[in-house]
Amino acid sequence: MTPEDYYQQQCDQGVIADDPLQRFVLRQMQRVFWHLVKEHQARGGLLGALRRHRLIMGLYVWGSVGTGKTFLMDCLYLCLPFPQKKRMHFHQFMQYVHESLNKYQGLPDPLDIMAAELAKETMLLCFDEFLVTEIVDAMLLSRLLKRMFHHGICLVATSNVEPDRLYWRGLQREQFLPAISQLKQHTQVLHLAAKKDYRLQFIQSAGVFFTPHNVDANAQMERLFSMLSEGAVVTYDPLDICQRPIPIVKQAKNNDVAIVWFEFKVLCGARRSQQDYLAIAKRYATVLISDIKVIPAHAHDTILLLVRLVDVLYDSGVRLIFSAEQPIEQWYVAGSKQFEFSRTVSRLIEMQSDVYLAKVAGREKKSDE
-12 MTPEDYYQQQ CDQGVIADDP LQRFVLRQMQ RVFWHLVKEH QARGGLLGAL
38 RRHRLIMGLY VWGSVGTGKT FLMDCLYLCL PFPQKKRMHF HQFMQYVHES
88 LNKYQGLPDP LDIMAAELAK ETMLLCFDEF LVTEIVDAML LSRLLKRMFH
138 HGICLVATSN VEPDRLYWRG LQREQFLPAI SQLKQHTQVL HLAAKKDYRL
188 QFIQSAGVFF TPHNVDANAQ MERLFSMLSE GAVVTYDPLD ICQRPIPIVK
238 QAKNNDVAIV WFEFKVLCGA RRSQQDYLAI AKRYATVLIS DIKVIPAHAH
288 DTILLLVRLV DVLYDSGVRL IFSAEQPIEQ WYVAGSKQFE FSRTVSRLIE
338 MQSDVYLAKV AGREKKSDE
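First residue of the sequence shown: -12, per our numbering; consecutive thereafter.
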């Protein structure tokens, strides 16, 4: 099945509505699909192992939230008939990069070693939500992308911003500009515009968000926790995450259940890292977060932590149940991070939909690591 076949199947089943703007991007996904299939065949056998890997021109698809960028990328990823592919949220990839650099520390050009090792097992690398906010990541990306492309890794990425706006107004941005040049040289940049938010068309009240946070909301969350944790032992001790204790309301975990309940101030009001959120998403299929407060304009750390937390939970397919003192759109109404928060709003709305909840159903088991 090709990306175009898969897209048509989803249209025929009523999962999505056919859209000419999406079809245009889909045709480019189809092009990448056939080039990768052909290159994969060429790399097979003795002669293929000896030849230099040909770099396939990738894609950089950008546009506002809810236009279907991630779905179109998944059409390509799911249909490729070989395992040499990776799909990662950008934050997850950068965590992998930092871990690899620690592994190869002391060796000459550890970035090149990492890229070469990655290329041995990956022809296609898919980035969801390419968004650079950390100076450490920005300084690495120019050299990293150059080496990845040199070793023949095809990149397909989605983003809310065009390449020229990545790391906009970031510290020492001039050192990041070569990364933008690499992206524009080795990917076809496509703008996906749409008047309709395709996430919102699936939204129905699924009863996983409660506002305002009061006695009734807490009772509803208690009821859901009890139902989802039935048969598992409930514990209240802090979690050991990344060798640090994190307080919880409670958790339940066995071979069939993996559910945990946090207060908002614990996850986003204290010093937390991307690694904390990734570890939680790996362990638990369902996360409850209670008493989400309105975030003041000056609380930059809090809003960015919330953005990263939701990104990780969404990309990991975690069921999220949450309560707040205000509707989602009113959590952060004044401040300089409105752009980042707009994506979070869209994702939180989708995470309440029947479609999302059906997709993550049955994934109760999680790692004990």
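Built from N, CA and C at the ideal position, the CB exists for glycine as well.
Exposed or buried, Trp49, counting other C-beta atoms within 10 Å across all chains shown (16 or more means buried)?
In the sequence shown, counting from the first residue as 1, residue 49 sits at position 62. Result: buried.
With distances taken Cα to Cα, identify the nearest neighbour of Gln207 among Tyr223, Asp278, Arg160.
Walking along the sequence shown from the start, residue 207 turns up at place 220. Closest by C-alpha distance to Gln207, out of Tyr223, Asp278, Arg160, is Asp278.
Count Cβ pairs between the segment 1 to 11 and the segment 135 to 145 that sit closer than 8 Å; are there 3 or more?
Too few Cβ pairs lie closer than 8 Å, so no.
For a quick check, are the C-beta atoms of Phe197 and Ala204 less than 8 Å apart?
Taking the first residue of the sequence shown as position 1, residue 197 is located at position 210. Taking the first residue of the sequence shown as position 1, residue 204 is located at position 217. Their beta carbons are under 8 Å apart, which means Phe197 touches Ala204 by this criterion.
Consult DSSP for Leu34 and reduce its assignment to one of helix, strand or coil.
Here residue 34 corresponds to residue number 47 of the sequence shown, with the count starting at 1. Reliability of the predicted coordinates at Leu34 is poor, the pLDDT of 48 falling under 50, and no value is obtained from them.
Just curious, the alpha helix (DSSP H) that Cys62 is in, first and last residue?
By 1-based counting over the sequence shown, the position of residue 62 is 75. Segment 56 to 66, the alpha helix (DSSP H) holding Cys62.
Residues near Ile276 by beta carbon distance below 6 Å, same chain, minus five either side
Sequence index remark: in the sequence shown, residue 276 carries index 289 (1-based). Excluding the 5 residues flanking it on each side, Ile276 has same chain C-beta neighbours closer than 6 Å at Phe249, Phe251, Phe309, in chain order.
State the DSSP-derived secondary structure class of Met(-12), mapped to helix, strand or coil.
Indexing the sequence shown from 1 puts residue -12 at position 1. Residue state, collapsed to three classes: coil.
I'd like the span of the alpha helix (DSSP H) that includes Pro165, first residue to last.
As a first step, residue 165 must be located in the sequence shown, where it is residue number 178. 164 to 173 is the extent of the alpha helix (DSSP H) around Pro165.
Measuring alpha carbon to alpha carbon, tell me which of Gln162, Ile336, Glu116, Thr289 ends up nearest Ile194.
Within the sequence shown, numbered from 1, the residue matching residue 194 stands at position 207. The identity of residue 194 in the sequence shown is Gly, whereas the question assumes Ile. When Gln162, Ile336, Glu116, Thr289 are compared, the shortest CA-CA separation from Gly194 is found for Ile336.
Continuous alpha helix (DSSP H) assignments of at least 4 residues falling wholly in the segment 107 to 145:
Segments of the alpha helix (DSSP H) lying fully in the segment 107 to 145: 122 to 137.
Candidates Ala144, Glu104, Ile122: closest to Arg156 by CA position
Here residue 156 is taken as the residue at index 169 of the sequence shown, counted from 1. Comparing alpha carbon positions, the residue from Ala144, Glu104, Ile122 closest to Arg156 is Ile122.
Would you tell me roughly how many angstroms separate the C-alpha atoms of Leu215 and Val244, rounded to the nearest one?
In the sequence shown, counting from the first residue as 1, residue 215 sits at position 228. In the sequence shown, counting from the first residue as 1, residue 244 sits at position 257. Each residue's Cα considered, the two are about 7 Å apart.
Other residues of its chain near Leu128: CB distance less than 6 Å, five sequence neighbours each side excluded:
For this step, residue 128 is matched to residue 141 along the sequence shown. Around Leu128: Ala166.
Inter-residue Cα distance where the pair is Glu108 and Val347
Here residue 108 refers to the residue found at position 121 of the sequence shown. Here residue 347 refers to the residue found at position 360 of the sequence shown. Across the structure, Glu108 and Val347 are spaced so that their CA atoms are roughly 28 Å apart.
Under a Cβ-count criterion, where at least 16 other Cβ atoms within 10 Å of its own Cβ denotes burial, should Arg259 be classed as buried or exposed?
Along the sequence shown, one-based indexing puts residue 259 at 272. Arg259 counts as buried, since no fewer than 16 other beta carbons sit within 10 angstroms of its beta carbon.
Can you tell me the Cβ-Cβ gap for Lys358 and Cys113, rounded? I've got them flagged as a contact below 8 Å.
Nothing about residue 358 can be read from this structure; the chain reaches only from -12 to 356.
Exposed or buried, which one is Leu164 when buried takes at least 16 other CB atoms within 10 Å?
Translated into the one-based positions of the sequence shown, residue 164 becomes position 177. Exposed, by the Cβ-count rule.
Residues near Pro225 by beta carbon distance below 8 Å, same chain, minus five either side:
Here residue 225 refers to the residue found at position 238 when the sequence shown is read from its first residue. Excluding sequence neighbours, Pro225 sits near Pro232, Ile233, Pro234, Ile235.
Which same chain residues, not among the five before or five after Gln262, have their C-beta less than 6 Å away from its C-beta?
Here residue 262 corresponds to residue number 275 of the sequence shown, with the count starting at 1. Apart from the 5 residues on each side of it in sequence, Gln262 sits with its Cβ closer than 6 Å to the Cβ of Cys229 in its chain, given in chain order.
Let me know the secondary structure DSSP gives Arg306 once reduced to three states.
Walking along the sequence shown from the start, residue 306 turns up at place 319. Strand, per DSSP.
Go ahead and label Ser168 buried or exposed: buried means 16 or more other beta carbons lie within 10 angstroms of its beta carbon, across all protein chains shown.
As a working note, residue 168 is residue 181 in the sequence shown. The residue in question, Ser168, is exposed, as its Cβ has fewer than 16 Cβ neighbours within 10 Å.
Per-residue burial, Tyr223 [other beta carbons within 10 Å of its own, 16 or more giving buried]
Your numbering for residue 223 matches position 236 in the sequence shown. With fewer than 16 other Cβ atoms from the protein chains shown falling within 10 Å of its own Cβ, Tyr223 counts as exposed.
Does Leu127 get closer than 8 Å to chain C when you measure Cβ to Cβ?
Checking the listed chains, one finds no chain C in this structure; it contains a single protein chain.
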